[in-house]
Amino acid sequence: MTRSASPGSGSPQETASLSPPAAGRIWRLPGVYAPQADSFLLDAVMRREGVGAGMDVLDVCTGTGVLALRAARLGARVTAFDVSRRAVMSTRLNALAARVPITVRRQDLLTGVPAGSADVVISNPLYVPSPTAQLPRLGR
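Per this note's numbering, the sequence shown starts with residue 30, numbered consecutively.
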């Protein structure tokens, strides 16, 4: 398991140059994509758009749950899901460590959306090519 306060590999150099706003430490199991700079850009967008108390937020392709954590800290009711077992475990661990309530499910995009509606849907899906052919297999 990796603990990172910054995007990428979590190296001390990256930690000094860019750290997640109000996210604290992020735990990530092997094979789960680490938050990158765009994750923190989406965090800023959520704050700018007024995500907060009383809102229902859906985090699609949650990964480590960094965006779900932020939404929950802003007071939203959050449901996060991912197809990866390791991503779901990482998000649950991060929610427990941060002591924020997040409903986390292992489901795909087509079956994972709960009935009803959400005020906000956030997603930062993996879009960077895998460094190894095994990465998708490791996450499931």
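C-beta: ideal position from N, C-alpha, C; glycine also. Only a predicted model underlies this, so the values are computations on that prediction, with no experimental measurement involved.
May I ask you to report which of helix, strand or coil DSSP gives residue i?
i	result
Val133	strand
Ala124	helix
Ala109	strand
Ser146	coil
Ala51	Note on Ala51: pLDDT 46, under 50, position unreliable in the model; the coordinate value appears next. In this structure, Ala51 counts as coil in the three-state DSSP scheme.
Output needed for residue i: all residues of its chain with C-beta closer than 6 Å, excluding positions within five of it in sequence on either side, in chain order.
i	result
Val86	Ala100, Ala105, Val107 and Val149
Ile151	Asp88 and Leu96
Asp137	Val112
Residue i lies in the alpha helix (DSSP H); which residues open and close that run?
i	result
Ser68	Ala66 to Arg77
Arg102	Val95 to Arg102
Can you name, in chain order, every residue of its own chain whose Cβ lies under 8 Å from the Cβ of residue i, other than the five neighbours on each side?
i	result
Leu70	none
Pro41	Residue placement at Pro41 cannot be trusted, given a pLDDT of 34 that sits under 50; the coordinates are not used to answer.
Relative to the alpha-carbon of residue i, which residue among the options has its alpha-carbon at the smallest distance?
i	options	result
Ser146	Ala127, Asp88 and Asn123	Asp88
Pro154	Phe110, Ala82 and Leu122	Phe110
Pro64	Arg128, Ala144 and Ala116	Ala116
Thr140	Leu125, Cys90 and Pro130	Cys90
Ser134	Pro59, Asp72, Gly94 and Ala126	According to the sequence displayed, residue 134 carries Arg and not Ser. Of the candidates Pro59, Asp72, Gly94 and Ala126, the one whose C-alpha sits nearest the C-alpha of Arg134 is Gly94.
Ala82	Pro130, Ala126, Ala124 and Asn123	Pro130
Verify whether the separation of the beta carbon atoms of residue i and residue j is less than 9 Å.
i	j	result
Ile55	Leu103	no
If you follow the beta strand (DSSP E) that residue i is in, where does it begin and where does it stop?
i	result
Arg57	Ile55 to Arg57
Val80	Val80 -> no beta strand (DSSP E), and no H or E assigned at all.
Val86	Asp85 to Val89
Whose C-beta lies closer than 7 Å to the C-beta of residue i among residues of the same chain, with five residues either side of it excluded?
i	result
Asp67	Asn153
Arg121	Val133
Leu58	Met30, Arg115, Met118 and Ser119
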